[in-house]
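Q: Under this note's numbering, the first residue of the sequence shown carries the number 18, and numbering increases by one thereafter.
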Amino acid sequence: MAELGFVHLGFGPDSVEYTRAWDEQRRVHAARFADEVEDTCLLVEHLPVYTAGRRTDPSERPLDGTPVIDVDRGGKITWHGPGQLVGYPIMKLPRPVDVVAHVRRLEEALIRTAADFGLETTRVEGRSGVWVLGDPVEQRPKLGGLSLDFDPRLADEEFDPRLNGPEYAPSNAGQRREDRKLAAIGIRVAKGVTMHGFALNVNPDSTWFDRIIPCGIRDAGVTSLSYELGREVTVEEVVPVAEKHLRDVLEHAELRPRETETA
Numbered sequence: 018m019a020e021l022g023f024v025h026l027g028f029g030p031d032s033v034e035y036t037r038a039w040d041e042q043r044r045v046h047a048a049r050f051a052d053e054v055e056d057t058c059l060l061v062e063h064l065p066v067y068t069a070g071r072r073t074d075p076s077e078r079p080l081d082g083t084p085v086i087d088v089d090r091g092g093k094i095t096w097h098g099p100g101q102l103v104g105y106p107i108m109k110l111p112r113p114v115d116v117v118a119h120v121r122r123l124e125e126a127l128i129r130t131a132a133d134f135g136l137e138t139t140r141v142e143g144r145s146g147v148w149v150l151g152d153p154v155e156q157r158p159k160l161g162g163l164s165l166d167f168d169p170r171l172a173d174e175e176f177d178p179r180l181n182g183p184e185y186a187p188s189n190a191g192q193r194r195e196d197r198k199l200a201a202i203g204i205r206v207a208k209g210v211t212m213h214g215f216a217l218n219v220n221p222d223s224t225w226f227d228r229i230i231p232c233g234i235r236d237a238g239v240t241s242l243s244y245e246l247g248r249e250v251t252v253e254e255v256v257p258v259a260e261k262h263l264r265d266v267l268e269h270a271e272l273r274p275r276e277t278e279t280a
C-alpha cells in the first residue's frame with residue numbers, strides 16, 4: 018500500500034472549528050477520488066462541539082437544546098473538543114469496500130498507541146472503538162447505595178443517566194469500574210474513499226459527555242489516557258505515537274475487497 022501522508026490542521030490554541038475541518042475533509046476526499054493526492058490522514062484538535070451520526074436517536078441528544086451538528090458518518094452522537102486527538106484518514110479502498118476491516122485497522126492502531134503509553138485496551142464485541150474493560154460485575158461498587166442486582170440500567174432500555182445523578186454519569190465510569198470507551202470511531206465511505214475516522218480521548222474534560230448519551234450506550238462510560246494512567250498526557254505527546262502506529266497498520270494492511278456471495 019502507498020505511503021500515508023499526515024496533515025496537521027491545528028492543535029491547542031490553533032484548534033479548529035468542526036465545520037471548517039469537515040469542509041477540508043470533503044476537499045481532500047474529492048482530490049483522493051480523482052487520484053490528485055495520495056491517502057491522507059488529517060489530524061486535529063477541535064473546539065467544543067457535539068456531532069451526531071446517522072443513527073443518532075433524538076433521546077440521545079442534549080436535554081437542554083445545546084446545538085448539535087448532524088453529519089454523514091456512521092455511528093451516533095459524540096463530543097469533540099480540547100484534549101482529544103481527532104483523526105480523519107481519507108483513503109481509497111478496493112471495491113466492494115470492507116468497512117468493518119477498515120474500522121478494525123483503526124482500532125488496532127489506537128490500541129497500539131495506548132499500549133505505548135502503558136495502557137492496556139481492547140475491543141468489545143458489538144461496540145466499535147477502543148475500550149478499557151471494567152471489573153467483573155460482582156466486584157464493582159454499589160450505585161446509589163443499591164446492589165447491582167437493582168441497577169435500573171439492567172432492566173430499562175430507556176434509562177437516562179443524565180436524570181439520575183452523578184453516580185450514573187458517563188464521565189464517572191472509571192470510578193464505577195465499568196467498561197469505558199477511550200476512543201470512538203465513526204466513518205463514511207463514498208465512492209470507495211473513506212471519510213471521518215476516530216477520536217482519542219487524551220486529557221479532555223470528560224463531563225462534556227454527561228450531557229448526551231455518548232455513542233448511544235447507556236450502560237458504559239468514557240475515559241481518557243490521563244485518567245487511566247493517573248498522570249497528565251497531552252495531545253502533543255500523543256500525535257507522533259499515533260502517527261507511527263497509523264502508518265504501520267494502514268500502510269502495511271493487505272487490502273482486499275469485501276467478500277460477496279455469488280448465486
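Each residue gets a CB set at the ideal place from its N, CA and C atoms; glycine is no exception.
If we count Cβ pairs, one from each stretch, closer than 8 Å, do we get three or more for the region 217-233 versus the region 63-74?
A: A contact exists between the region 217-233 and the region 63-74.
Q: To which residues of the same chain is Gly-104 closer than 6 Å at the C-beta, ignoring the five residues directly before and after it?
A: Same-chain partners within the cutoff: Cys-58, Leu-60, Gly-214, Phe-215.
Q: For the candidate residues Pro-113, Val-85, Trp-39, whose alpha-carbon lies nearest to that of Leu-272?
A: Checked all of Pro-113, Val-85, Trp-39; the closest Cα to Leu-272 is Pro-113.
Q: Within a Cβ cutoff of 7 Å, which residues of the same chain sit near Thr-312, ignoring the five residues on either side of it in sequence?
A: No statement about residue 312 is possible, as the shown extent of the chain runs from 18 to 280 and does not include it.
Q: For Tyr-35, I'd like the list of residues in its chain whose CB is within less than 8 Å of its CB, leaving aside the five on either flank, ordered along the chain.
A: Contacts found: His-63, Leu-64, Val-66, Thr-68, Ile-86, His-97.
Q: To the nearest angstrom, how far is the alpha carbon of Ile-204 from that of Val-120?
A: Each residue's Cα considered, the two are about 8 Å apart.
Q: Is Val-147 closer than 8 Å to Leu-199 when the C-beta atoms are compared?
A: Yes, these two residues count as a Cβ contact at 8 Å.
Q: I'd like the list of long-range same chain contacts for Ile-128, defined as Cβ closer than 6 Å, with 5 residues on each side in sequence excluded.
A: Counting only Cβ-Cβ distances below 6 Å, and skipping sequence neighbours, we find Thr-138, Val-147.
Q: Helix, strand or coil: how does DSSP classify Asp-265 here?
A: Helix, per DSSP.
Q: When the Cβ atoms of the region 182-192 are set against those of the region 41-59, are three or more pairs found closer than 8 Å?
A: At 8 Å Cβ cutoff, the stretches do not touch.
Q: Using a Cβ-Cβ cutoff of less than 6 Å, which residues in the same chain neighbour Ala-280 once the five nearest sequence positions on both sides are dropped?
A: With a pLDDT of 45 at Ala-280, under the threshold of 50, the predicted position of this residue should be treated as unreliable, and no value is reported.
Q: Opposite Ala-200 in the DSSP bridges: which residues?
A: Bridge partners of Ala-200: Val-147, Leu-217.
Q: If you drop the 5 nearest sequence neighbours on each side, which residues of the same chain put their C-beta closer than 7 Å to that of Leu-80?
A: Counting only Cβ-Cβ distances below 7 Å, and skipping sequence neighbours, we find Arg-179.
Q: Mind checking whether Pro-283 and Gln-101 have CB atoms under 8 Å apart?
A: What is shown of the chain runs 18 to 280, which leaves residue 283 out entirely.
Q: Using a threshold of 7 Å, is the CB atom of Val-45 nearer than that to any non-hydrogen atom of the ligand MG?
A: The model on display carries no ligand, and the ligand MG is accordingly not part of it.
Q: Jot down the residue ranges of each uninterrupted alpha helix (DSSP H) in the region 216-252, minimum 4 residues, whole runs only, in chain order.
A: Qualifying alpha helix (DSSP H) stretches, in chain order: 242-246.
Q: In whole angstroms, what separates the C-alpha of Val-266 from that of Tyr-185?
A: Going by the C-alpha atoms only, they are around 36 Å apart.
Q: Which residue comes first and which comes last in the alpha helix (DSSP H) that contains Gly-191?
A: First-last of the alpha helix (DSSP H) with Gly-191: 190-193.
Q: Quickly, what does DSSP pair Trp-96 with across the bridge? List them, please.
A: Beta-bridge pairing links Trp-96 to Tyr-67.
Q: What span of residues does the beta strand (DSSP E) with Val-117 cover, start to end?
A: Not the beta strand (DSSP E): Val-117 falls in the alpha helix (DSSP H), residues 116-133.
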